[in-house]
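For reference, the structure discussed in these notes is given below.
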Amino acid sequence: MEGFMYPNEVELQWSVLIVLYPFLTGLVAGAFILASLERVFRVEEVKPTYRLALLTALAFLIVAPMPLQLHLGHPERSLEMYLTPHRTSAMAMFGFVYLWYLMAVLLMEIWLDYRKDIVIFSQTTSGLKRLFYRVLTLGSNNISPGSLHVDDRVGWVITLIGIPSAFMLHGYVGFIFGSVKANPWWSTPLMPVVFLFSAMVSGIALVMLVYMVTSALRKVPIDMRCLDTIAKYLFYTFIIDFTLEMLDLIHRIYEADESFRSLDFMMHTKLFVSQIVLQIFLGTLTPLVLLATTQLFHLSVAVRRRLYVFSGLCTLVGIFAMRWNVVIGGQLFSKSFLGYTTYKVGFVAREGLGPAILLLILPFIILYVLIKLLPPWYEPLPTPSSASAAD
Amino acid sequence: MVPLKDIAHLLRMAAVFLVGLILFLFLRSAFIPKSFGRYGHFRGDAIAEITARPIAYAGHQTCEGCHPEEADTKSKGVHAYVNCESCHGPLAKHADDPASVTPKLPDVATLCFRCHSENIAKPQGFPQVNANEHSGGQLCNTCHQPHSPAITQGAKK
Amino acid sequence: MTISRRQLLVLLPAAAAAWDFVLAGTPEAAPNYNSADHWWGMLLDITKCIGCGSCVRACAMENDVPDGYFRTWVERYHVTDFQIENPTVDSPDGGKEGFPPSEFTSGKNFFVPKFCNHCVDSPCTQVCPVGATFHTADGVVLVDQNYCVGCRYCIQACPYGCRYFHPTKHVADKCTLCYHRIVKGLTTACCESCPTGARQLADLKNPNDPIHAFLKTHSVQVLKPHLATGAKNFYNSLDGSVR
């Protein structure tokens, strides 16, 4: 500890797991927005990534509550948030936003879009897989054009509702921080908006990278029209995100309220690497410049692909750094504005780097399983034989 | 008009949601503590649990009940408003069953100096001394009786 | 078993005193306490605080506060001349063993005891997701240790740094205003052990409480008034430099 801190402030309360949580939900929201580009806004260039984006969102949404459970002092009591939610608490209300988004939006949309595949797989596979698909059909094998048309219409409505739901999912996380008047690093009405746009940036970058990686692994050519369109939307979203973050920064510097000197010092010392190097230079300015070059100049496919990969990776690192700077940064300075502490993070500890890394890998494992069960590649479906169709 | 068979799967899904809702309502009635909401959005029994905490400091009135002489001496001196347990520590257990707990005499060297060692942040009029200058390292109770600390004969400041 | 009269004379008062304390441990032990008749706050007199740390020690002993965590603590301020925006503050181990000699030999120096302000509009109860921290009808903010999930949102939301995460119980913890004492007519442990009367429990609903006359005749402040928390710790002669 340097300077003076209130005695109870020296130890950080929210660890790297709480950094991970907005990162994961942000990826969910961003992936979903990319999917909705095609479904609602008819940007049909990105259709090849529609199902992949949904599955990516689901994989990350499943993992999202896990860092929270590891963090809670009494995870066995976590059901209380659903049983006796305190209506003035953003955290409590978020439990319902999460549940709504998972059940009513994401799972429903995936089910409706894949229903035809599910019914066919329930007739063409065997063993445990068959049971899995049969359960998912809910006992209905109707994949007539009429029923599929109904699915399409209902799915469109769900996606439409899903967009503000995705905004709520991640905007709420921003509000959890932004509404804490005790903490001037967090307390700003811009927080939910900044969180949301950085979420969109990270989610789009993630789907872009997953698409490129899976195409390489499957040894299929990348649809460059799709990839270029994703990169374009990534670029536009990034501009908005960057503008918002700069607005927050300039406003703070200009107004220079009582917290400013302390926060400014913290940013230049304790957060120098994570904020100035990783978040601003590597995570925002670099991808912005690289993406701008791909938009402004005519570059070859090979060069564009490399720039997209590099920009995507920098973006993900940058957005993770942003979450780190908000969560950890908000706890490094004293609310007396007279001192600082350090964040000591272990590796093999319940809230250490070890579990954090595992929780970052887990969604990809889940995504792999989801891709195997619900292939998102729009390949032709097997034809059920007449014998099994009679089931 | 959409034929029923084409929305049957949606109705089945709606049924799944309904089952989920019923399960949720059941969980609520089974697991929400009965006293929750009695006084506000919290478990009413919590107040009783908190007030049931055992008491460690008896309070000076209790001490004075059994130790009137010391109380009287103290009330006439400058430590009149310094409560017994402030120096003697928490003694509710002793008040509860005097024989079972014998209070340990406080360590003079540490105790007196916490209040009376010189410190620029202490209020100006408050009696504070530098240990070595004041008594050459002798213990405070060599000259001062804690219950009535004023030195009446040959007092030096 | 036969008891002589002499033995009875000794045993009866001891038994009565003992019984009082047995009763004190049961929930029904405050049957005459009506929380609606009280509204608790505290008066802190900066002109009287000597930084002895008795309050910090007493609180720790009364409430089993773990080492290194503080339900109350004392801060020492040094202000050089007009530089009220740049005080030097220290609080070695929360002031638990008092304070060592100051490095300063001039300027304005004083002690400030701090603890939960039992705010009327507390940001901590606002953010609790499950209702584990709450207000009582008599104005005390408490934590239900058997319901808290340990999310630590309340600790983040408190502007005063008065909450901590209990290292073994894994729940949020803080000053309870010695609720288990005040409902039985006792004062808080910190006030009981304060040797100078710098800390005084106040029942704002009691018209005879000395705080009413005091508030009329002295300049008092609360900490961080710009956050409008409705704090009920009133500080006499609080300097503008106090964070």
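Protein chains in written order, with numbering that gives the first Met the number 0: chain A, 0 to 390; chain B, 0 to 156; chain C, 0 to 242.
Note that beta-carbon positions come from the ideal geometry of N, C-alpha and C, so glycine has one too.
Given the structure is predicted, the values throughout are model-derived calculations rather than measurements.
Exercise. Reducing DSSP to helix, strand and coil, say where Pro224 (chain C) ends up.
Key: Position 225 of the third sequence, counting from 1, holds the residue named residue 224 (chain C). Residue state, collapsed to three classes: helix.
Practice problem: Show which residues of chain C have a CB atom less than 9 Å away from the CB atom of Lys4 (chain B). | Solution: The residue labelled residue 4 (chain B) in the question sits at position 5 within the second sequence. What Lys4 (chain B) touches in chain C: nothing, since even the nearest Cβ is about 44 Å away.
Quiz prompt | Per-residue contacts from Ser372 (chain A) into chain B (C-beta, under 8 Å) | solution = As a working mapping, residue 372 (chain A) is identified with position 373 in the first sequence. For the record, residue 372 (chain A) in the displayed sequence is Leu; it is not Ser. Those within 8 Å of Leu372 (chain A) in chain B number zero; the least Cβ separation is about 19 Å.
Practice problem: Would you kindly check if the distance between the Cβ of Tyr20 (chain A) and the Cβ of Pro66 (chain A) is under 8 Å? | Solution: Within the first sequence, numbered from 1, the residue matching residue 66 (chain A) stands at position 67. Within the first sequence, numbered from 1, the residue matching residue 20 (chain A) stands at position 21. Their beta carbons are under 8 Å apart, which means Pro66 (chain A) touches Tyr20 (chain A) by this criterion.
Quiz item: Using Cβ-Cβ distances below 9 Å, what residues of the segment 11-44 of chain B are close to chain A?
Solution: Arg11, Met12, Ala14, Val15, Phe16, Gly19, Phe23, Leu26, Arg27, Phe30, Ile31, Pro32, Phe35, Gly36, His40, Phe41 and Arg42
Exercise. Below 7 Å CB to CB, which residues in the same chain sit around Pro86 (chain C) once its five sequence neighbours on both sides are set aside?
Key: Taking the third sequence and counting its residues from 1, one reaches residue 86 (chain C) at position 87. Taken in chain order, the residues that qualify are Tyr76, His77, Val78 and Ser240.
Quiz item: What distance in whole Å lies between the Cβ atoms of Ala52 (chain A) and Val27 (chain A), which are believed to be in contact at a cut-off of 8 Å?
Solution: As a working note, residue 27 (chain A) is residue 28 in the first sequence. As a working note, residue 52 (chain A) is residue 53 in the first sequence. Not confirmed; about 10 Å, so no contact.
Practice problem: Can you give me the Cβ contacts of Ile162 (chain A) inside the same chain, cut-off strictly under 6 Å, excluding the 5 residues immediately before and after it? | Solution: Working through the first sequence from its first residue, we reach residue 162 (chain A) at position 163. Excluding sequence neighbours, Ile162 (chain A) sits near Ser35.
Quiz item: To which residues of the same chain is Ile54 (chain B) closer than 6 Å at the C-beta, ignoring the five residues directly before and after it?
Solution: Walking along the second sequence from the start, residue 54 (chain B) turns up at place 55. These residues qualify, in order along the chain: Ala91.
Quiz item: Within the 8 Å Cβ cut-off, does His8 (chain B) reach chain A?
Solution: Position 9 of the second sequence, counted from the start, is the residue given in the question as residue 8 (chain B). So yes, His8 (chain B) belongs to the interface.
Self-check item: Exposure label - Gln199 (chain C); buried when at least 16 CB within 10 Å
Solution: Working through the third sequence from its first residue, we reach residue 199 (chain C) at position 200. Buried.
Self-check item: Residues that Ala188 (chain C) contacts on chain B, provided the C-beta gap is smaller than 8 Å
Solution: Locating residue 188 (chain C) in the third sequence gives position 189, where the first residue counts as 1. Going along chain B in sequence order, the residues near Ala188 (chain C) (Cβ under 8 Å) are Ala55, Tyr56 and Pro89.
Practice problem: Label Val62 (chain A) either buried or exposed according to how many other C-beta atoms from any shown protein chain fall within 10 Å of its C-beta, with 16 as the threshold for buried. | Solution: As a working mapping, residue 62 (chain A) is identified with position 63 in the first sequence. Flag for Val62 (chain A) reads buried.
Exercise. Quick one: using the 10 Å Cβ neighbour count with 16 as the cut-off for buried, is Trp39 (chain C) buried or exposed?
Key: What you label residue 39 (chain C) is simply residue 40 of the third sequence in a count that begins at 1. Per the 10 Å Cβ criterion, buried.
Quiz prompt | Per-residue contacts from Cys51 (chain C) into chain B (C-beta, under 7 Å) | solution = For the purposes of this step, residue 51 (chain C) is taken as residue 52 along the third sequence, with counting starting at 1. Ordered by position in chain B, the residues that pass the 7 Å Cβ test against Cys51 (chain C) are Arg113 and Cys114.
Quiz item: To the nearest angstrom, how far is it from the Cα of Asn235 (chain C) to the Cα of Leu159 (chain A)?
Solution: Residue mapping note: residue 235 (chain C) aligns to position 236 of the third sequence, counting from 1. Residue mapping note: residue 159 (chain A) aligns to position 160 of the first sequence, counting from 1. Cα to Cα, the separation comes out at about 58 Å.
Quiz item: In this structure, does DSSP put His143 (chain B) in helix, strand or coil?
Solution: Position 144 of the second sequence, counted from the first residue, corresponds to residue 143 (chain B). Three-state DSSP puts His143 (chain B) in coil, outside helix and strand.
Practice problem: Note down, in chain order, each residue of its chain lying with its Cβ closer than 6 Å to the Cβ of Ser310 (chain A), except the 5 sequence neighbours on either side. | Solution: Residue 310 (chain A) sits at position 311 when you count from the first residue of the first sequence. So the qualifying residues of the chain are Pro286, Leu289 and Leu290.
Quiz prompt | Beta-carbon gap between Gly50 (chain C) and Phe110 (chain C) smaller than 8 Å | solution = Locating residue 50 (chain C) in the third sequence gives position 51, where the first residue counts as 1. Locating residue 110 (chain C) in the third sequence gives position 111, where the first residue counts as 1. Result yes, Cβ atoms of Gly50 (chain C) and Phe110 (chain C) sit closer than 8 Å.
Practice problem: Mind checking which residues open and close the alpha helix (DSSP H) that includes Gln330 (chain A)? | Solution: Taking the first sequence and counting its residues from 1, the one referred to as residue 330 (chain A) is at position 331. Gly328 to Leu331 is the extent of the alpha helix (DSSP H) around Gln330 (chain A).
Exercise. Quick one: using the 10 Å Cβ neighbour count with 16 as the cut-off for buried, is Glu43 (chain A) buried or exposed?
Key: For this step, residue 43 (chain A) is matched to residue 44 along the first sequence. With fewer than 16 other Cβ atoms within 10 Å, it is exposed.
Self-check item: Straight-line Cα distance separating Ile249 (chain A) from Thr228 (chain A)
Solution: What you label residue 228 (chain A) is simply residue 229 of the first sequence in a count that begins at 1. What you label residue 249 (chain A) is simply residue 250 of the first sequence in a count that begins at 1. When rounded, the distance between both Cα atoms is 32 Å.
Practice problem: Could you check the C-alpha separation between Ala89 (chain A) and Ala171 (chain C) for me, to the nearest Å? | Solution: Counted from its first residue, the first sequence places residue 89 (chain A) at position 90. Counted from its first residue, the third sequence places residue 171 (chain C) at position 172. Near 18 Å, if we compare the C-alpha coordinates of Ala171 (chain C) and Ala89 (chain A).
Self-check item: Any 3 or more C-beta pairs closer than 8 Å across the segment 295-309 of chain A and the segment 210-222 of chain A
Solution: yes
Practice problem: Take Trp13 (chain A) and list the residues in its own chain whose beta-carbon comes closer than 6 Å to its own, dropping the five residues that flank it on each side. | Solution: By one-based count along the first sequence, residue 13 (chain A) stands at place 14. If we look at Trp13 (chain A) and ignore the five residues flanking it on each side, its Cβ neighbours are Val326.
Self-check item: First and last residue of the uninterrupted alpha helix (DSSP H) at Lys113 (chain C)
Solution: On the third sequence, residue 113 (chain C) is found 114 positions in, with the first residue counted as 1. Counting along the chain, Lys113 (chain C) falls outside any alpha helix (DSSP H), though it belongs to the beta strand (DSSP E) covering Lys107 to Phe114.
Quiz item: With burial defined as no fewer than 16 other Cβ atoms inside 10 Å of the residue's Cβ, what is the status of Ser164 (chain A): buried or exposed?
Solution: On the first sequence, position 165 is the one that residue 164 (chain A) refers to. So Ser164 (chain A) ends up on the buried side.
Self-check item: Neighbourhood of Gln127 (chain B) by C-beta distance below 6 Å, restricted to the same chain and skipping five residues each side
Solution: By 1-based counting over the second sequence, the position of residue 127 (chain B) is 128. These residues qualify, in order along the chain: His115, Glu117 and Lys121.
Quiz item: Under the criterion of a Cβ to heavy atom distance below 7 Å, does Ala35 (chain C) qualify as lining the ligand GTP?
Solution: This structure does not include the ligand GTP; it has no bound ligands of any sort.
Quiz prompt | Beta-carbon proximity list for Leu243 (chain A), same chain, < 8 Å, skipping 5 on both sides | solution = For the purposes of this step, residue 243 (chain A) is taken as the residue at position 244 of the first sequence. The residues are Leu189, Val192, Val193 and Phe196.
Quiz item: How many Å lie between Gly196 (chain C) and Ser34 (chain B) at the Cα?
Solution: The residue you call residue 196 (chain C) lines up with position 197 of the third sequence. The residue you call residue 34 (chain B) lines up with position 35 of the second sequence. Answer to the nearest angstrom: the Cα atoms are 39 Å apart.
Quiz item: Are three or more beta carbon pairs between the segment 130-137 of chain C and the segment 18-33 of chain B nearer than 8 Å?
Solution: no
Quiz item: Quick one: does Arg133 (chain A) have its CB under 8 Å from some CB of chain B?
Solution: For this step, residue 133 (chain A) is matched to residue 134 along the first sequence. Cβ-Cβ to chain B under 8 Å: no for Arg133 (chain A).
Quiz item: Along chain C, in chain order, which residues have C-beta atoms closer than 7 Å to that of Lys75 (chain B)?
Solution: Start at 1 with the first residue of the second sequence, and residue 75 (chain B) comes out as number 76. Neighbours of Lys75 (chain B) on chain C: none; closest Cβ ~17 Å, over 7 Å.
Quiz item: Quick one: is Ser164 (chain A) near chain C, going by C-beta distance under 8 Å?
Solution: Start at 1 with the first residue of the first sequence, and residue 164 (chain A) comes out as number 165. Answer no: the Cβ-Cβ gap between Ser164 (chain A) and chain C never drops below 8 Å.
Quiz prompt | Proximity of Gly338 (chain A) and Gly94 (chain A) at Cβ, strictly below 8 Å | solution = Working through the first sequence from its first residue, we reach residue 338 (chain A) at position 339. Working through the first sequence from its first residue, we reach residue 94 (chain A) at position 95. It is not a contact, given that the beta carbons lie outside the stated cut-off.
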